[in-house]
């Protein structure tokens, strides 16, 4: 039922207000005297060189892709976890087949070295 | 929909948010005092009796600090990122019940804000959103430390989220419901920490990784990345990240207590003191759980990043999956 989520909307609105209120509070009361040194990126006191955002390692993308795959698995298991008592044995077997198929992909990624980090 | 119901929600929401922000202030003090004791120091004790005014002093100092914005930063995202980080932290505890119900001014007040049929799903969804704030903060700062810290935080949080999702499935399987109240009530006779010990341990480890606390605080490893994704943040924007981290610590403790430690039941019967015994139980469990988190920080060294990712993917994730499969099989075969 959608009405269950109305209280969530209320607290969400209040949280939004708190977040922006705190940012505005700091902006109003904080001094603002920027200099060239202050507004350059912090690199432990060295003069910064090169761009701040560089190309990132492909590992991070790989983790992202694997995460999407297995997180969807969690989403599929969740509704089953609520009704698996009523489904009984057939439901259990079906879910285990589903998990095994997905875990074959997991083992494949593991063997291919997708989970190594160097 | 009655107006009085909306007013009740607004009051409850205000209460939760004030409790969490106040709790955040005193969690910082709690952590500093406990850590100090564990390192044979005294800790902050000058501002007010027992240092109780220290959070107030810190807050006032942060309000009057200059806020720096790096010149090449993406200004809009730079300002939005701390807000995006703090909102999930503030709203995540909305589904956690604190007790049964109390009578205030002749009106029965249920001691929870939202009673969602998909409570556990809500928890997972909201934890996922907080990753955005951290990624955007790291990226928009245009700082090498911040970018690396943000990337590391993202990779770590999404990796551990899988195992955490499966660990949360343990109590869902036992209770046969995703409603938090059903899960808590299913633990009247036995806490889920006993039949779900493995899920509990996985939840403990992954929740520490999820809130970037020691020993999984790689994203903010001071020796390598200064402050990680919030290197460039100062003043109240920094305070928002700090707030998000500590509120998430409180939230993780509350959720863990509700999923595995019986929530508002036990040691006091939840209907005692006109229903106020429930919140007291939950509060006590939360404080003990947070003490444990601080204790871990004082004891364990930081894990190397490659080991951390391997622990998440190769140990915790398969273990959590196996736990779900075995739990379901046992319940279906033996009946429970």
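Chains as they are written, first to last, in this note's numbering: chain A, 1 to 118; chain B, 119 to 454. Glycine included, C-beta positions come from ideal geometry on N, C-alpha and C. Small disclaimer: the values here were computed from a predicted structure and weren't measured.
- Taking the beta carbon of residue 46 of chain A as reference, no residue of chain B falls within 9 Å; the closest one sits roughly 11 Å away.
- Here the alpha carbon of residue 70 of chain A sits roughly 46 Å from the alpha carbon of residue 36 of chain A.
- Taking a beta-carbon distance threshold of 7 Å, residue 90 of chain A does not count as an interface residue toward chain B.
- Under DSSP, residue 227 of chain B forms a beta bridge with B:220.
- Put simply, the CB of residue 444 of chain B is far from chain A, with every gap to its CB atoms at 7 Å or more.
- By the rule that beta-carbons nearer than 7 Å mark a contact, residue 2 of chain A does not touch chain B.
- Within its own chain, the residues whose Cβ lies closer than 7 Å to the Cβ of residue 160 of chain B, once the five positions on either side in sequence are excluded, are 154, listed in chain order.
- With a 10 Å radius around the Cβ and a threshold of 16 neighbouring Cβ atoms, residue 242 of chain B comes out buried.
- Between the C-alpha atoms of residue 12 of chain A and residue 451 of chain B there is a straight-line separation of about 43 Å.
- Across the set A:72, A:65 and A:10, the C-alpha of A:72 shows the shortest separation from the C-alpha of residue 99 of chain A.
- The DSSP-derived three-state label of residue 389 of chain B is coil.
- The segment 298-334 of chain B is shown to contain whole alpha helix (DSSP H) runs of 4 or more residues at 298-303 and 315-328, in chain order.
- Pairing residue 30 of chain A with residue 176 of chain B, the inter-Cα distance amounts to about 14 Å.
- Cβ-Cβ distances below 8 Å link residue 135 of chain B to 208 in the same chain, with the five nearest sequence neighbours on each side left out; the list follows chain order.
- For residue 176 of chain B, the enclosing alpha helix (DSSP H) starts and ends at 172-181.
- Contact annotation: the segment 344-353 of chain B touches the segment 241-257 of chain B, with at least three C-beta pairs closer than 8 Å.
- Around the Cβ of residue 417 of chain B, a 10 Å sphere holds fewer than 16 other Cβ atoms; the residue is exposed.
- Cβ-Cβ separation between residue 27 of chain A and residue 185 of chain B: approximately 7 Å, consistent with a contact (criterion under 8 Å).
- Contact annotation: residue 284 of chain B and residue 447 of chain B have beta-carbon atoms that are not nearer than 7 Å.
- For residue 399 of chain B, the enclosing alpha helix (DSSP H) covers residues 395-417.
- Within chain A, 74 have C-beta atoms less than 7 Å from the C-beta of residue 284 of chain B, given in sequence order.
- Here the segment 407-417 of chain B does not lie against the segment 40-49 of chain A, with fewer than 3 beta-carbon pairs under 8 Å apart.
- Nearest neighbour of residue 91 of chain A by Cα position, chosen from A:32, A:66, A:76 and A:105, turns out to be A:76.
- Residue 42 of chain A carries a coil assignment under DSSP once its states are collapsed to helix, strand and coil.
- Shown here, residue 130 of chain B sits in a helix according to DSSP, grouped into three states.
- With contacts defined by Cβ atoms closer than 7 Å, residue 376 of chain B and residue 404 of chain B do not form a contacting pair.
- For residue 185 of chain B, no alpha helix (DSSP H) encloses it, and the DSSP letter there is neither H nor E.
- With contacts defined as CB atoms closer than 7 Å, residue 306 of chain B and residue 383 of chain B qualify as a contacting pair.
- Burial of residue 396 of chain B is indicated by the presence of at least 16 other C-beta atoms within 10 angstroms of its C-beta.
- Around the beta carbon of residue 34 of chain A, a 10 Å sphere encloses fewer than 16 other beta carbons of the protein chains shown; the residue is thus reported as exposed.
- In the three-state reduction of the DSSP assignment, residue 120 of chain B falls in the coil class.
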